[in-house]
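These protein sequence lines are chains F and L, in that order.
Start counting the first sequence at 383; every next residue gets the next number (this note's numbering).
Start counting the second sequence at 847; every next residue gets the next number (this note's numbering).
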Amino acid sequence: MAEKFLMKGNEALAEAAIRSGCRHFFGYPITPQTEVAAYMAKRMPKIGGTYLQAESEIAAINMVLGCASTGARAMTSSSSPGISLKGEGISYIIGSDLPCLIINVMRGGPGLGGIQPSQADYWQATKAPGHGDGQILVFAPSSVQEIVDLVAKAYDLAETYRMPAMLLADGMLGQMMEPVEFPEVEPAVHDKSWALTGTKGKRKPNIINSLYLQPKELEDTVKARFKRYEIIQEKEVMIEEYKMEDAEYAVCAYGAMARIVKTAVVKAREKGIKVGLLRPITLWPFPQKEIAAYGPKMKSMLCVEMSMGQMVEDVRLAVNGSCPVSFFGHTGGVIPSPAEVLAEIEKMAGGAN
Amino acid sequence: MQLNRRVNLITGHYGSGKTNLAVNLAMDARKQGKSVAIVDLDIVNPYFRTADFADVLTAEGIRVIVPTYANSNLDIPALTGAVDSVFTGDEDCVIIDVGGDDAGAIALGRYAPKISREPYDLFYVINHCRYLTSTPEEALGVLRDIEAVSRLSATGILNNTNLGEETTPALIEASASFAKEVAGLANLPLCATAYDERLPAPDLPNGYPVKVYVKKIWET
Chain F
383 MAEKFLMKGN EALAEAAIRS GCRHFFGYPI TPQTEVAAYM AKRMPKIGGT
433 YLQAESEIAA INMVLGCAST GARAMTSSSS PGISLKGEGI SYIIGSDLPC
483 LIINVMRGGP GLGGIQPSQA DYWQATKAPG HGDGQILVFA PSSVQEIVDL
533 VAKAYDLAET YRMPAMLLAD GMLGQMMEPV EFPEVEPAVH DKSWALTGTK
583 GKRKPNIINS LYLQPKELED TVKARFKRYE IIQEKEVMIE EYKMEDAEYA
633 VCAYGAMARI VKTAVVKARE KGIKVGLLRP ITLWPFPQKE IAAYGPKMKS
683 MLCVEMSMGQ MVEDVRLAVN GSCPVSFFGH TGGVIPSPAE VLAEIEKMAG
733 GAN
Chain L
847 MQLNRRVNLI TGHYGSGKTN LAVNLAMDAR KQGKSVAIVD LDIVNPYFRT
897 ADFADVLTAE GIRVIVPTYA NSNLDIPALT GAVDSVFTGD EDCVIIDVGG
947 DDAGAIALGR YAPKISREPY DLFYVINHCR YLTSTPEEAL GVLRDIEAVS
997 RLSATGILNN TNLGEETTPA LIEASASFAK EVAGLANLPL CATAYDERLP
1047 APDLPNGYPV KVYVKKIWET
């Protein structure tokens, strides 16, 4: 067994990226993800990597664009308002078909909002991380160990499909400490014949670009990208189904919120309510088919989020009216407690009986 | 664990368990009949801090001093003037929970002249399971950084080795040689080895059973 360490979510994020072969970090400090940058600042110089604190989030994401163009594993990290600033760059990276890793340790919004944990950037991450037709891979870990596992996965899939991947965490997950081990695996190697590494006079120059002069050419490019998205939606969905075997009710939650829901599910089971948890691990691609399949089997579903209700829309689209879907949440940095979620489960079960 | 001096500073690497130890030491000193003040001096980390336990501590009659905007949405680590009041000496026992690493200990430097006016204890908390301080040399490096910015000298080592919910007595016992080596390198006494009071006591000298106050919301 590999050695176990006690690590903060933010530290584990950074170390996992390094172990996945990331040697180029471009960031700008913001609570509650500052430890990611602080860790990189400490470690990168020792392992021959680059830690660069840019003059702004906009600069940092464009450095990622440049770095990723060379085929190197690049990364940036921020929190909600900082991710908004990165939006234009993310869109350019999507449009340039480049892989990279973007971390969003979400805090309360909109605007400057607050520094306490939140999940209010679900829509931004999954629907419109930047302008234009395009998607990014979005992973939502719910433990520090899963952070480690998903960072490796995120780089692997980002390079497989040549697109940005985002790890969507929240302040709670970033700051909490749990035991982790790092699997002894070599990062996956992908073809990077597209990378800008110098022709040495032996090949035609590669071009990394998101500008297309002819509308038809742009349409064809976007359509080809969407063909890849279809493959991803078919092959790369990840979901945890917890106590769903005999469930009559399901609670949907992701990230650290799902840990709170799990506690509530266990307590509800003790009270005789047959309830389970559906936890999307990939938010894009969303586990649409998996959740849809549960719809007709459930008396009711409840979605719990640290927002005013964002993922609940995808859950409703998935079940498409086959069962009622209710919502419970807090926002602005207020965290729903296990007791509150339990009360909502009881309400759902009582109301449907 | 018996505190011998009035002013006790709890320092260490991020996540070594300073806050949980500080809260335990304060509660224990109070149980011994002492008047106690605890100061949350963490200017680095907005979460999992002594301020989280202000209600529990206050209920026991402990004076709690926290940064003005702790646990609010204001990202300004402003220390209150009340911190100075603990050095003028009404309480029998003062516990100061310092922020992690040298980045956190820098706040101590501002109080160094006042702290140095009387004999103090500066404990350095270590956890063998923490990734960047898992060798004695790394642990010593962080201690030296903390001493440099705080302008104070450590007086003792507290071994707080744990793996969260996966901690076992064997794991704590296995950390003994690491802790001894850190203490040896630093030329300081190993004052105590803390362990979760729900676990069997590890077979080590100076065991200190502690209550786990710092929990995740789903564990509460």
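Glycine is no exception: its CB is placed at the ideal position from the N, C-alpha and C atoms.
As the structure is a computational prediction, the values presented were derived from the model and not from experiment.
- L:R895 counts as buried, since at least 16 other C-beta atoms from the protein chains shown sit within 10 angstroms of its C-beta.
- In the DSSP assignment, no residue is bridged to F:G491.
- Taking a 10 Å sphere around the C-beta of F:K586, we find fewer than 16 other C-beta atoms and assign the residue as exposed.
- Counting along the chain, the unbroken beta strand (DSSP E) around F:W666 starts and ends at T664 to W666.
- Proximity of F:E622 to chain L, defined by a Cβ-Cβ separation below 8 Å, is not satisfied.
- When Cβ pairs closer than 8 Å are counted between the two stretches, the segment 509-519 of chain F is seen to touch the segment 468-480 of chain F, the count reaching three or more.
- Per DSSP, the unbroken beta strand (DSSP E) holding L:P1055 starts and ends at G1053 to V1056.
- Within the segment 553-628 of chain F, the complete alpha helix (DSSP H) segments at least 4 residues long are 553-557 and 597-617, listed from N- to C-terminus.
- In the pairwise beta carbon analysis, the segment 1047-1063 of chain L is classified as touching the segment 1004-1024 of chain L: at least three pairs are separated by under 8 Å.
- By the Cβ neighbour-count rule, F:V567 is exposed, with fewer than 16 other Cβ atoms within 10 Å of its own.
- Taking 8 Å as the cut-off, the Cβ atoms of F:A635 and F:V686 count as close.
- If you draw a straight line from the Cα of L:I972 to the Cα of L:G1053, it is about 14 Å long.
- Residue pairing by DSSP places L:T857 opposite L:Y970 in a beta bridge.
- The Cβ-Cβ distance between F:P678 and F:S704 falls below 8 Å.
- F:C482 sits in a strand when the DSSP states are folded into three classes.
- Scanning its chain for C-beta atoms nearer than 6 Å, with the 5 sequence neighbours on each side dropped, one finds around F:L434 the residues F408, in chain order.
- Chain F places a beta carbon closer than 8 Å to that of L:G861, counting this residue as a contact.
- F:S682 is bridged by DSSP to F:Y631.
- Under DSSP, F:R661 forms a beta bridge with F:E622.
- Cβ proximity to chain L below 7 Å picks out T413 and P414 from the segment 400-427 of chain F.
- L:G1010 belongs to the set of residues whose beta carbon lies under 8 Å from a beta carbon in chain F.
- Exclusion of the five residues before and after F:L494 leaves P463 as the residues of its chain whose Cβ lies within less than 8 Å of its Cβ.
- For F:I717, a Cβ of chain L is located within less than 8 Å of the residue's own Cβ.
- L:R895 is outside the set of residues whose beta carbon lies under 8 Å from a beta carbon in chain F.
- In this model, L:R909 and F:V633 are separated by some 42 Å (Cα to Cα).
- Close to L:S980, with beta-carbon spacing below 8 Å, are these residues of chain F in chain order: F387.
- Contact between F:S524 and F:A638 holds: their C-beta atoms lie close to 6 Å from each other, under 8 Å.
- Between L:T904 and L:V1060, the gap from beta carbon to beta carbon reaches 8 Å or more.
- With respect to F:V520, F:W666 sits close: the two C-beta atoms are nearer than 8 Å.
- With fewer than 16 other Cβ atoms from the protein chains shown falling within 10 Å of its own Cβ, L:G927 counts as exposed.
- With respect to the C-alpha of F:E618, the residue from F:Y543, F:V647 and F:V530 having the closest C-alpha is F:Y543.
- Per the Cβ contact rule, the segment 910-921 of chain L is in contact with the segment 882-898 of chain L (3 or more Cβ pairs under 8 Å).
- Using a Cβ-Cβ cut-off of 7 Å, F:Q498 is close to N919 of chain L, given in chain order.
- For F:N444, the uninterrupted alpha helix (DSSP H) run begins and ends at E439 to S451, by DSSP.
- When the Cα atoms are used, F:D552 and L:E964 turn out to be separated by approximately 43 Å.
- The three-state secondary structure of F:R544, taken from DSSP, is coil.
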